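Protein chains in written order, with the numbering used here: chain W, 1 to 277; chain S, 278 to 559.
Using N, Cα and C, we set each Cβ at its ideal position, and we do this for glycine too.
Keep in mind the model is a prediction, meaning the values are calculated, not measured.
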């Protein structure tokens with residue numbers, strides 16, 4: 001483990017480029033510079049000035065420095081090799097962003113990364129696999145993770161972008177599994193009934209439904225992206241489109257029914273009454 | 278009411294029979310099985326129907342799709358069905374719903390119907406009938422929306438699929454893009470002409486970029502939705518300032534044009550682009 005993740009990643013990347021040039025049927029016209037990979041990772045991550053970008057295995061600091069310089073974000077780089085951390089700090093000064101970035105000597109498997117709103121990484125598959133659960137469990141819901149070439153094993157990306165190379169975007173899902181007592185919308189859907197929404201969850205994939213008034217309504221089109229949840233309940237001749245945000249044990253938002261000029265919007269709220277088994 | 282119940286029962290039986298013997302019964306025996314109202318609503322919502330739309334309902338049954346389009350979404354349109362009784366019922370339903378001035382029901386053969394005027398087509402037919410209609414649907418103006426539930430259009434994949442009680446699918450008629458396009462590019466290293474060879478299967482496109490004196494390059498993230506196209510090309514003409522170029526544009530016959538963004542973040546610049554169709558790809 002003496003060698004830095006960065007050096008390993010670069011070495012592996014070169015190996016991979018050579019291998020793919022030989023096997024792809026559409027010839028790759030050139031070997032993309034790392035600069036363009038950096039650009040694309042930050043773009044896929046949707047970085048804005050409000051973000052704190054953590055680069056895991058930050059090497060010479062280029063991702064974090066680009067996030068600060070090109071997007072006005074703040075950033076932190078975690079790197080095992082003290083010499084590369086020193087180099088990163090010099091590069092940040094030279095780029096005029098030293099006040100917005102921080103480089104730490106540390107192990108990506110143990111470093112504190114809870115502040116991140118965006119995480120970027122270009123690491124070996126084995127290391128990515130070991131980070132999978134840690135990132136899922138420790139990062140705030142809504143945090144975007146961008147991986148380059150090597151993605152997680154079980155956690156499927158929310159988005160995949162192919163431009164010479166493959167980039168994977170994961171949005172850390174809120175934990176929504178369990179049972180939720182729903183309030184609103186007011187009549188007709190919940191009139192005089194105890195309404196319980198049950199959700200099963202695997203990563204960002206959710207399914208479930210509502211029991212109340214002696215019946216079960218499946219939740220159609222149920223989706224979760226970070227803290228944002230969406231599902232549709234259909235009762236009789238009306239469908240109710242729920243959109244909301246999850247904050248811990250509360251979720252709330254707007255439910256819409258009807259269309260065009262007859263669109264009706266109401267507030268809804270749900271409180272978790274039982275966590276996932 | 279008794280008659281209605283009997284009719285529904287009869288329709289279901291017919292559907293089961295028709296599903297197994299669709300070939301033999303086609304084209305005149307598409308059974309009438311009413312679509313649930315939430316499914317009808319979802320079809321029209323998915324097609325983003327507005328008052329500016331002209332909806333054609335193929336196999337209009339009791340008229341509920343078109344009447345909903347007029348009543349809830351403010352659209353106008355025509356329904357086509359073979360069954361005279363259903364046409365009469367539809368007219369009556371339209372009067373009751375107060376939309377008789379915006380919708381019209383015609384007793385007519387689907388295959389002799391001109392639907393080039395439609396901006397939205399709704400249908401609930403049988404697979405064999407859908408497939409028979411497919412060539413005329415694909416020939417419609419790019420951007421025309423087609424919605425159906427349960428039955429698909431073979432290997433023409435829907436652009437959007439939503440499940441609310443039933444599977445509801447939206448197809449957007451794709452522009453024709455197959456062939457070679459000559460692209461004019463104002464790049465920092467000087468104006469360039471690149472050729473793009475595009476392969477198309479319905480709305481799925483991919484391609485290769487050919488630049489004189491260099492190996493062919495990829496056309497990335499290519500996507501076509503109606504007449505809207507987007508793709509990414511890599512500008513590596515000048516190694517010192519390589520960048521991705523993100524294209525978005527509109528296809529109109531043998532011209533497509535729009536804007537592209539070169540680079541990302543603060544380094545991003547915007548430019549106009551234009552490409553013309555020069556023939557089949559060699």
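Would DSSP call residue i helix, strand or coil?
{"i": "residue 421 of chain S", "result": "coil"}
{"i": "residue 44 of chain W", "result": "helix"}
{"i": "residue 86 of chain W", "result": "helix"}
{"i": "residue 309 of chain S", "result": "coil"}
{"i": "residue 557 of chain S", "result": "coil"}
{"i": "residue 302 of chain S", "result": "In this predicted model, residue 302 of chain S has a pLDDT of only 34, less than 50, meaning its place in the structure is not dependable enough to derive any value."}
{"i": "residue 113 of chain W", "result": "coil"}
{"i": "residue 542 of chain S", "result": "helix"}
{"i": "residue 235 of chain W", "result": "strand"}
{"i": "residue 70 of chain W", "result": "helix"}
{"i": "residue 552 of chain S", "result": "strand"}
{"i": "residue 216 of chain W", "result": "strand"}
{"i": "residue 272 of chain W", "result": "strand"}
{"i": "residue 318 of chain S", "result": "helix"}
{"i": "residue 359 of chain S", "result": "coil"}
{"i": "residue 198 of chain W", "result": "strand"}
{"i": "residue 278 of chain W", "result": "Absent from the model: residue 278 of chain W. The displayed extent of chain W is 1 to 277, so no value can be given."}
{"i": "residue 510 of chain S", "result": "strand"}
{"i": "residue 183 of chain W", "result": "strand"}
{"i": "residue 125 of chain W", "result": "helix"}
Distance check for residue j and residue i, CA to CA, integer angstroms please.
{"i": "residue 361 of chain S", "j": "residue 173 of chain W", "result": "54 Å"}
{"i": "residue 55 of chain W", "j": "residue 85 of chain W", "result": "12 Å"}
{"i": "residue 153 of chain W", "j": "residue 535 of chain S", "result": "39 Å"}
{"i": "residue 228 of chain W", "j": "residue 335 of chain S", "result": "38 Å"}
{"i": "residue 21 of chain W", "j": "residue 491 of chain S", "result": "Bear in mind that a pLDDT of 35 at residue 21 of chain W, under 50, signals an unreliable position, so the number given afterwards is only what the model happens to contain. Answer to the nearest angstrom: the Cα atoms are 15 Å apart."}
{"i": "residue 452 of chain S", "j": "residue 478 of chain S", "result": "11 Å"}
{"i": "residue 424 of chain S", "j": "residue 530 of chain S", "result": "24 Å"}
{"i": "residue 438 of chain S", "j": "residue 87 of chain W", "result": "50 Å"}
{"i": "residue 123 of chain W", "j": "residue 222 of chain W", "result": "32 Å"}
{"i": "residue 234 of chain W", "j": "residue 270 of chain W", "result": "18 Å"}
{"i": "residue 34 of chain W", "j": "residue 515 of chain S", "result": "15 Å"}
{"i": "residue 169 of chain W", "j": "residue 461 of chain S", "result": "32 Å"}
{"i": "residue 543 of chain S", "j": "residue 69 of chain W", "result": "8 Å"}
{"i": "residue 446 of chain S", "j": "residue 118 of chain W", "result": "35 Å"}
{"i": "residue 321 of chain W", "j": "residue 349 of chain S", "result": "Limits of chain W in this structure are 1 at one end and 277 at the other, which puts residue 321 of chain W out of reach."}
{"i": "residue 454 of chain S", "j": "residue 373 of chain S", "result": "46 Å"}
{"i": "residue 393 of chain S", "j": "residue 132 of chain W", "result": "52 Å"}
{"i": "residue 366 of chain S", "j": "residue 216 of chain W", "result": "34 Å"}
{"i": "residue 402 of chain S", "j": "residue 489 of chain S", "result": "50 Å"}
{"i": "residue 96 of chain W", "j": "residue 209 of chain W", "result": "53 Å"}
{"i": "residue 507 of chain S", "j": "residue 526 of chain S", "result": "6 Å"}
{"i": "residue 485 of chain S", "j": "residue 146 of chain W", "result": "27 Å"}
Quick one: is residue i buried, meaning 16 or more other Cβ sit within 10 Å of its Cβ, or exposed?
{"i": "residue 43 of chain W", "result": "buried"}
{"i": "residue 149 of chain W", "result": "buried"}
{"i": "residue 164 of chain W", "result": "buried"}
{"i": "residue 27 of chain W", "result": "With a pLDDT of only 34 at residue 27 of chain W, under 50, the local geometry of the prediction cannot be trusted, and no value is derived from it."}
{"i": "residue 82 of chain W", "result": "exposed"}
{"i": "residue 539 of chain S", "result": "buried"}
{"i": "residue 79 of chain W", "result": "buried"}
{"i": "residue 94 of chain W", "result": "exposed"}
My assumption, with CB atoms under 8 Å, is that residue i sits in contact with residue j. Please give the rounded CB distance.
{"i": "residue 480 of chain S", "j": "residue 449 of chain S", "result": "7 Å"}
{"i": "residue 359 of chain S", "j": "residue 339 of chain S", "result": "Contact flag wrong, Cβ pair sits at about 14 Å."}
{"i": "residue 62 of chain W", "j": "residue 100 of chain W", "result": "Between residue 100 of chain W and residue 62 of chain W the Cβ distance is about 15 Å, and since that is not below 8 Å, they are no contact."}
{"i": "residue 427 of chain S", "j": "residue 444 of chain S", "result": "6 Å"}
{"i": "residue 382 of chain S", "j": "residue 405 of chain S", "result": "That pair is no contact at about 24 Å."}
{"i": "residue 128 of chain W", "j": "residue 151 of chain W", "result": "7 Å"}
{"i": "residue 272 of chain W", "j": "residue 178 of chain W", "result": "5 Å"}
Using only the heavy atoms of the ligand COA, determine whether one of them is closer than 7 Å to the beta carbon of residue i.
{"i": "residue 434 of chain S", "result": "In the structure shown, the ligand COA is absent, as is every other ligand, since no ligand is present at all."}
- request: Mind listing, in chain order, the continuous beta strand (DSSP E) runs of no fewer than 3 residues lying wholly within the region 134-168 of chain W?
  value: 144-148, 159-163
field: Runs of beta strand (DSSP E) wholly within the region 438-507 of chain S (minimum 3 residues, chain order)
entry: 443-449, 456-464, 467-478, 481-487, 497-502
message: To test your reading of the DSSP string, which unbroken beta strand (DSSP E) runs of 3 or more residues are found completely within the region 363-435 of chain S?
response: 380-384, 397-400, 422-426
Uninterrupted beta strand (DSSP E) stretches inside the region 237-270 of chain W (no shorter than 3 residues): 238-247, 250-257
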